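A.B. asks: Here the protein sequences come in this chain order: A and B.
Here the first sequence is numbered in numbering that gives the first Met the number 0, starting from 0 and rising by one per residue.
Here the second sequence is numbered in numbering that gives the first Met the number 0, starting from 0 and rising by one per residue.
Please see the structure below; I have some questions.
Number of protein chains: 2
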Amino acid sequence: MARVPKTTPAAQAAALRDAQDRFIAVWGQMAGAWGISRTMSEVHALLYITGGALCTDDIMERLDISRGNASMSLRALLDWGIVERAHKRGDRKEYFRSEQDVWAMFRAIVRERVKREVDPLLASLYEIRDMSVASVENPEGAATVVAPDPEELAAAVANHTQRVDAMLDFFRTLETLGQRFVSPAGRGLQLAATLLSAGSTRDRTGGAP
Amino acid sequence: MARVPKTTPAAQAAALRDAQDRFIAVWGQMAGAWGISRTMSEVHALLYITGGALCTDDIMERLDISRGNASMSLRALLDWGIVERAHKRGDRKEYFRSEQDVWAMFRAIVRERVKREVDPLLASLYEIRDMSVASVENPEGAATVVAPDPEELAAAVANHTQRVDAMLDFFRTLETLGQRFVSPAGRGLQLAATLLSAGSTRDRTGGAP
DNA sequence: ATGTATTTTCAATAATTTCTGAAATCTTTG
DNA sequence: CAAAGATTTCAGAAATTATTGAAAATACAT
Chain A
0 MARVPKTTPA
10 AQAAALRDAQ
20 DRFIAVWGQM
30 AGAWGISRTM
40 SEVHALLYIT
50 GGALCTDDIM
60 ERLDISRGNA
70 SMSLRALLDW
80 GIVERAHKRG
90 DRKEYFRSEQ
100 DVWAMFRAIV
110 RERVKREVDP
120 LLASLYEIRD
130 MSVASVENPE
140 GAATVVAPDP
150 EELAAAVANH
160 TQRVDAMLDF
170 FRTLETLGQR
180 FVSPAGRGLQ
190 LAATLLSAGS
200 TRDRTGGAP
Chain B
0 MARVPKTTPA
10 AQAAALRDAQ
20 DRFIAVWGQM
30 AGAWGISRTM
40 SEVHALLYIT
50 GGALCTDDIM
60 ERLDISRGNA
70 SMSLRALLDW
80 GIVERAHKRG
90 DRKEYFRSEQ
100 DVWAMFRAIV
110 RERVKREVDP
120 LLASLYEIRD
130 MSVASVENPE
140 GAATVVAPDP
150 EELAAAVANH
160 TQRVDAMLDF
170 FRTLETLGQR
180 FVSPAGRGLQ
190 LAATLLSAGS
200 TRDRTGGAP
């Protein structure tokens, strides 16, 4: 009576699928945090957690979404650079596989968000700083604000500029940090983060030499 | 003819207001990035860029929003800890003032997002990891997945667990980093970030000794 | 206590975002 | 190059999220 397995293969397979589903749901909820749609996040979760190369139909069926939705989500994930195309020979369909290194995924996301959010913000902030300087010849001379007192006004402008500058400095720092993290040498920062974060010596990144 | 000012006070005041409006619009667009609503972000932008203590009516008028919306946005900003109440004596109204230190703002946001997003995610990931282990007595013995082959199955479960663990490790690191950054000693990290980010020696944080 | 000023809440509505499904397009094969 | 297979696009539908406005609650002064 030794060696009677406590789990049948069927039960184990079901448990695995449940765990996958749960992971997909949880990861889907993080969508907001990454600035993407829930479905897109779920597609990514599915590809990540199965680790395999799935085709559009696999994804449609497993997540119960339309073809259009699957197509658009996959395209977006490709744009973000965290999913790549794959092909099976003798098969006409396209397959998709997720990046499997969590740190690489994170780097891709940082890269994209800096590009989409920080860079434009910086550009705008520079413009805004200039606005309060070159205020000559505003065609509308009409009465506008509360304080026409020149002294107060000058102080207000000075403070305004200072605040815009403080923001600028902050986001410049953020951008530079992001670029360092993302750059080829960026894996250094990953190490730094790991070390900074604790005395935990363990290395789970996998066996690459 | 020396000293003829090139800008009238009126024009200057208008320019200031334009710059403020532009700042508010730009900051409003970042709302998505911080995980808050556009209006909430605009209210914060207004309070930050004017630097003053404004009451609900000031905000309603300037941003052209309803009283309810203003109230809810302010409450949320208070919860995030980046806006504080202020009072003017002899006045019954409540006034609000924004945190002015950009780094402190950022710390507050990190603190809140770790609490709201990373911590729950970690909890779920721990649960998910356990799911694939304790797969005994699943009442539904029905046919489920593709591979009933015990060998493949075992490998799939192992890989699954490994991927969940990789995620866990990553977010544990993230959480710890966040806590370090946020902690009282966290200003150290601010300095580190500034130093890491460039050879830029300038210190714009203001004149604190 | 009573009246007044102020803030909060929340159901209804408006705005925005996401998803679908079928037509259009592109790709491969015989 | 025609037919079949696969993918993309996009207008409209559905779902989600944000906003309003007026009633309810709260705080204050007399």
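Heads up, the beta-carbon is just placed ideally off N, CA and C, and yes, glycines get one too.
These figures come from a predicted structure and were not determined experimentally.
Three or more C-beta pairs closer than 8 Å, one from the segment 114-126 of chain A and one from the segment 75-95 of chain A: is that the case here?
C.D. replies: At 8 Å Cβ cutoff, the stretches do not touch.
A.B. asks: List the residues of chain B that GLU116(A) touches, going by C-beta distances under 9 Å, in chain order.
C.D. replies: On the first sequence, position 117 is the one that residue 116(A) refers to. Residues of chain B passing the Cβ test: GLN28, MET29, GLY31 and ALA32.
A.B. asks: For VAL156(A), which residues from the same chain have a beta carbon less than 7 Å from its beta carbon, with the 5 sequence-adjacent residues on both sides left out?
C.D. replies: The count along the first sequence starts at 1 and reaches residue 156(A) at position 157. Taken in chain order, the residues that qualify are SER131.
A.B. asks: Taking only the alpha-carbon atoms, compute the straight-line gap between ALA32(B) and GLU116(A) and give it to the nearest angstrom.
C.D. replies: What you label residue 32(B) is simply residue 33 of the second sequence in a count that begins at 1. What you label residue 116(A) is simply residue 117 of the first sequence in a count that begins at 1. One C-alpha to the other measures close to 8 Å.
A.B. asks: Could you compute how far the alpha carbon of SER97(B) sits from the alpha carbon of TYR47(B)?
C.D. replies: To locate residue 97(B), count along the second sequence from 1; it is residue 98. To locate residue 47(B), count along the second sequence from 1; it is residue 48. Roughly 5 Å between the two C-alpha positions.
A.B. asks: Taking the C-alpha atoms as reference points, what is the distance between ALA103(A) and GLN178(A)?
C.D. replies: For the purposes of this step, residue 103(A) is identified with residue 104 of the first sequence, where counting begins at 1. For the purposes of this step, residue 178(A) is identified with residue 179 of the first sequence, where counting begins at 1. Each residue's alpha carbon lies about 14 Å from the other.
A.B. asks: Let me know the secondary structure DSSP gives VAL82(B) once reduced to three states.
C.D. replies: Within the second sequence, residue 82(B) is the residue found at index 83, counting from 1. If DSSP states are grouped into helix, strand and coil, VAL82(B) belongs with the strands.
A.B. asks: Let's see if you can read the secondary structure: which residues bound the beta strand (DSSP E) around GLU174(A)?
C.D. replies: Start at 1 with the first residue of the first sequence, and residue 174(A) comes out as number 175. Taken as a continuous stretch (DSSP letters only), GLU174(A) belongs to no beta strand (DSSP E), being part of the alpha helix (DSSP H) at 149-181.
A.B. asks: Anything in chain B within Cβ reach of ARG162(A), meaning under 8 Å, just list it in chain order.
C.D. replies: Looking up residue 162(A) in the first sequence gives position 163. Neighbours of ARG162(A) on chain B, chain order: TYR47, ILE48, GLY50 and GLN99.
A.B. asks: If we count the other Cβ atoms within 10 Å of its Cβ and call it buried at 16 or more, is HIS86(B) buried or exposed?
C.D. replies: Mapped onto the second sequence, residue 86(B) falls at position 87. Label assigned to HIS86(B): exposed.
A.B. asks: So with Cβ pairs under 8 Å, would you call PRO149(A) a contact of chain B?
C.D. replies: Here residue 149(A) refers to the residue found at position 150 when the first sequence is read from its first residue. Yes, PRO149(A) counts as interfacial toward chain B.
A.B. asks: Return the residue from the list ILE58(A), GLU126(A) and CYS54(A) that minimises the CA-CA distance to THR38(A).
C.D. replies: Residue 38(A) sits at position 39 when you count from the first residue of the first sequence. Out of ILE58(A), GLU126(A) and CYS54(A), ILE58(A) has the C-alpha closest to the C-alpha of THR38(A).
A.B. asks: Looking at the structure shown, is SER97(A) part of a helix, part of a strand, or coil, going by DSSP?
C.D. replies: Residue mapping note: residue 97(A) aligns to position 98 of the first sequence, counting from 1. It is a strand residue.
A.B. asks: CB-CB under 7 Å to GLN11(B), same chain, minus the five flanking residues each way: which ones, in chain order?
C.D. replies: Walking along the second sequence from the start, residue 11(B) turns up at place 12. Within the same chain, GLN11(B) has no close Cβ partners at all.
A.B. asks: Beta carbons nearer than 8 Å to chain B: which residues of the segment 101-113 of chain A have them?
C.D. replies: Taking 8 Å as the Cβ-Cβ cut-off against chain B, the residues of the segment 101-113 of chain A that qualify are VAL101, TRP102, PHE105 and ARG112.
A.B. asks: Using Cβ-Cβ distances below 7 Å, what residues of the segment 58-84 of chain A are close to chain B?
C.D. replies: Listed by position along the chain: nothing, the set is empty.
A.B. asks: So, does the CB of ALA207(A) fall closer than 8 Å to a CB anywhere in chain B?
C.D. replies: Looking up residue 207(A) in the first sequence gives position 208. Residue placement at ALA207(A) is flagged as unreliable, the pLDDT there being 38, under the threshold of 50; the coordinate-derived value follows with that caveat. Not closer than 8 Å to any Cβ of chain B, the Cβ of ALA207(A) fails to qualify, so no.
A.B. asks: Taking Cβ to Cβ, would you say THR49(B) is nearer than 8 Å to GLN19(B)?
C.D. replies: Here residue 49(B) refers to the residue found at position 50 of the second sequence. Here residue 19(B) refers to the residue found at position 20 of the second sequence. It is a contact, given that the beta carbons lie within the stated cut-off.
A.B. asks: Would you mind working out which of TRP26(A), ILE127(A), ALA154(A) and ARG66(A) sits nearest MET166(A), comparing C-alpha positions?
C.D. replies: On the first sequence, position 167 is the one that residue 166(A) refers to. Comparing Cα positions, the closest option is ILE127(A).
A.B. asks: If we count the other Cβ atoms within 10 Å of its Cβ and call it buried at 16 or more, is SER182(A) buried or exposed?
C.D. replies: On the first sequence, residue 182(A) is found 183 positions in, with the first residue counted as 1. SER182(A) should be labelled exposed.
A.B. asks: Closer than 7 Å by C-beta to LEU173(B): which residues in its own chain qualify, once you throw out the five before and the five after it? Chain order, please.
C.D. replies: Translated into positions along the second sequence, residue 173(B) becomes position 174. The residues are VAL117.
A.B. asks: Report the residue from HIS43(B), GLY67(B), PRO149(B) and GLU111(B) whose alpha carbon sits nearest the alpha carbon of PHE95(B).
C.D. replies: By 1-based counting over the second sequence, the position of residue 95(B) is 96. Closest by alpha carbon: HIS43(B).
A.B. asks: Apply the 10 Å Cβ neighbour rule to SER65(B) and answer buried if 16 or more other Cβ atoms are within range, or exposed otherwise.
C.D. replies: For this step, residue 65(B) is matched to residue 66 along the second sequence. Result: exposed.
A.B. asks: ALA30(B) to ASP129(A), Cα distance in whole Å?
C.D. replies: The count along the second sequence starts at 1 and reaches residue 30(B) at position 31. The count along the first sequence starts at 1 and reaches residue 129(A) at position 130. Roughly 23 Å separates the two Cα atoms.
A.B. asks: Please report whether the beta-carbon of PRO8(B) lies at a distance below 8 Å from any beta-carbon of chain A.
C.D. replies: Walking along the second sequence from the start, residue 8(B) turns up at place 9. For PRO8(B), the answer is yes, since a Cβ of chain A falls inside 8 Å of its Cβ.
A.B. asks: Could you check whether LEU62(B) and GLU41(B) sit closer than 8 Å to each other, using their CB atoms as the reference points?
C.D. replies: One-based indexing of the second sequence puts residue 41(B) at position 42. One-based indexing of the second sequence puts residue 62(B) at position 63. A contact, by the Cβ cut-off of 8 Å.
A.B. asks: With a CB to CB cut of under 7 Å and the five nearest residues on each side skipped, what residues in its chain are close to THR160(B)?
C.D. replies: If you number the second sequence from 1, residue 160(B) lands on position 161. So the qualifying residues of the chain are ARG128 and SER131.
A.B. asks: Pull the bridge partners of LEU120(B) from the DSSP assignment, please.
C.D. replies: Looking up residue 120(B) in the second sequence gives position 121. Answer is none; LEU120(B) lacks a bridge partner.
A.B. asks: Is any beta-carbon of chain B found at less than 8 Å from that of MET166(A)?
C.D. replies: Position 167 of the first sequence, counted from the first residue, corresponds to residue 166(A). MET166(A) counts as touching chain B.
A.B. asks: Pick from ILE81(A), ASP17(A) and THR6(A): whose alpha carbon is nearest that of ILE35(A)?
C.D. replies: Within the first sequence, numbered from 1, the residue matching residue 35(A) stands at position 36. Out of ILE81(A), ASP17(A) and THR6(A), ILE81(A) has the C-alpha closest to the C-alpha of ILE35(A).
A.B. asks: Do PRO8(A) and LEU176(B) come within 8 Å of each other at the CB atom, strictly closer than that value?
C.D. replies: Counting from one through the second sequence, the residue named residue 176(B) turns up at place 177. Counting from one through the first sequence, the residue named residue 8(A) turns up at place 9. Taking 8 Å as the Cβ cut-off, LEU176(B) and PRO8(A) do not qualify as a contacting pair.
A.B. asks: Which partner residues of LEU53(B) appear in the DSSP bridge assignment?
C.D. replies: On the second sequence, residue 53(B) is found 54 positions in, with the first residue counted as 1. Answer by DSSP bridge pairing, in chain order: PHE95(B).
A.B. asks: Whose C-beta lies closer than 6 Å to the C-beta of MET71(B) among residues of the same chain, with five residues either side of it excluded?
C.D. replies: Counted from its first residue, the second sequence places residue 71(B) at position 72. So no residue of the chain qualifies.
A.B. asks: With 16 other CB atoms within 10 Å as the buried threshold, where does ARG91(B) fall?
C.D. replies: Walking along the second sequence from the start, residue 91(B) turns up at place 92. It counts as exposed.
A.B. asks: Less than 8 Å between the C-beta atoms of PHE22(B) and VAL163(A), yes or no?
C.D. replies: Position 23 of the second sequence, counting from 1, holds the residue named residue 22(B). Position 164 of the first sequence, counting from 1, holds the residue named residue 163(A). Yes, they are a contact pair.
A.B. asks: For chain B, is any of its Cβ atoms less than 8 Å away from the one on SER123(A)?
C.D. replies: If you number the first sequence from 1, residue 123(A) lands on position 124. SER123(A) counts as touching chain B.
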